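Heads up, the thing below is written out as C-alpha cells.
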Amino acid sequence: MDIIDEIFGLFAQYGDLGYGEDVNQREHALQAAHFAREAGEPDMLVAAALLHDVGQFLNEAGDAAEREGRDARHEMGGAALLARHFPEAVVAPIRLHVAAKRYLCAIDPAYHDGLSTASRLSLRLQGGPFTPEEAEAFIRQPHAGEALRLRRYDDLGKRRDLAVLGLEAHRALLESVRL
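Take 73 as the starting number for the sequence shown in the working numbering and just add one per residue.
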C-alpha cells in the first residue's frame, strides 16, 4: 500500500479518538499543520506538523498515558514508520518533538506552566524536564530548531471549533515531500 494511503487509512481508523485533550487526534494533527503553514514554515515542517503524532495510531499508543500510565514512545514509532518514505527534514522533527517539550520545560518554567493537563501527564511519563546536560545535548542535534518550532504548533493545535483544511487537502503536500 502507498504510504500516504496508509497514513490516511490510519487517520480514518483512529483519527476520531481522543488523547486527553479537547480535540481528537485528526483535529489536533490538522491544527498543528495549519499553524505551521500560517507561520510560513517550509513544506517539510508543515508535513512534520501534520504527521507528528501518527505514532499514536500504532500499537495502541494513543491513550497509553491516560489508560495505562505508560509512555508508548509514539514519536519513535511514528518516525520509524515514516523514515523509509520521507526525508530526514520531515522525520527528525517528529522523532524529536517529545524531547523538544522536555527541553522547553527545562529552560522555561513558564512553558511548563502553560502545558495542558494531558501534556503534563505525558511529560512526567517521558522523563520530565531535561537536566542541563540533556538540554545541551538536545539543542546541538540536527533539526533541534525545527523540532522546537513543531512543538509550538503541537501545543497550539488543541483548540475546539477551529476551522482548518481537511486531511485530503494535504495529500499534494505529502506527495511533494515524500522520497
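Think of the CB as a built atom: it goes at the ideal place given N, C-alpha and C, for glycine as much as any other residue.
In this text the structure is predicted, and so the values were computed from the model without any measurement.
When the options are compared against residue i, the one with the closest alpha-carbon
| i | options | result |
| --- | --- | --- |
| Ala-65 | Arg-232, Pro-201, Leu-222 | Since the displayed the chain opens at 73 and closes at 251, residue 65 lies outside it and no answer follows. |
| His-157 | Asp-74, Arg-243, Ala-241, Leu-245 | Asp-74 |
| Ala-104 | Tyr-225, Leu-245, Leu-195 | Tyr-225 |
| Ala-84 | Asp-94, Tyr-91, Arg-98 | Arg-98 |
| Ile-76 | Val-126, Leu-197, Glu-113, Gly-90 | Val-126 |
| Phe-129 | Tyr-183, Gly-81, Leu-251, Val-118 | Gly-81 |
| Val-163 | Pro-214, Leu-195, Thr-203 | Pro-214 |
| His-106 | Val-236, Leu-197, Leu-245, Glu-206 | Val-236 |
Any non-hydrogen atom of the ligand PLP within 7 Å of residue i CB
| i | result |
| --- | --- |
| Arg-109 | Among the ligands in the structure shown, none appear at all, so the ligand PLP cannot be discussed. |
Rounded straight-line distance, which links the Cα of residue j to that of residue i
| i | j | result |
| --- | --- | --- |
| Asp-88 | Ala-190 | 17 Å |
| Glu-247 | Ala-216 | 24 Å |
| Asp-180 | Ala-209 | 17 Å |
| Leu-154 | Leu-123 | 9 Å |
Residue range of the unbroken alpha helix (DSSP H) whose run includes residue i
| i | result |
| --- | --- |
| Met-148 | 146 to 154 |
| Ser-194 | 189 to 197 |
| His-106 | 97 to 110 |
| Asp-77 | 75 to 86 |
| Arg-174 | 160 to 179 |
| Leu-228 | 216 to 228 |
| Asp-115 | 115 to 123 |
| Ala-209 | 204 to 211 |
Beta-carbon proximity check, residue i vs residue j, cutoff 8 Å
| i | j | result |
| --- | --- | --- |
| Val-249 | Met-148 | no |
| Ile-166 | Gly-150 | yes |
| His-169 | Ala-219 | yes |
| Ser-188 | Glu-78 | no |
Residue i - DSSP class collapsed to helix/strand/coil
| i | result |
| --- | --- |
| Val-249 | helix |
| Arg-231 | coil |
| Val-126 | helix |
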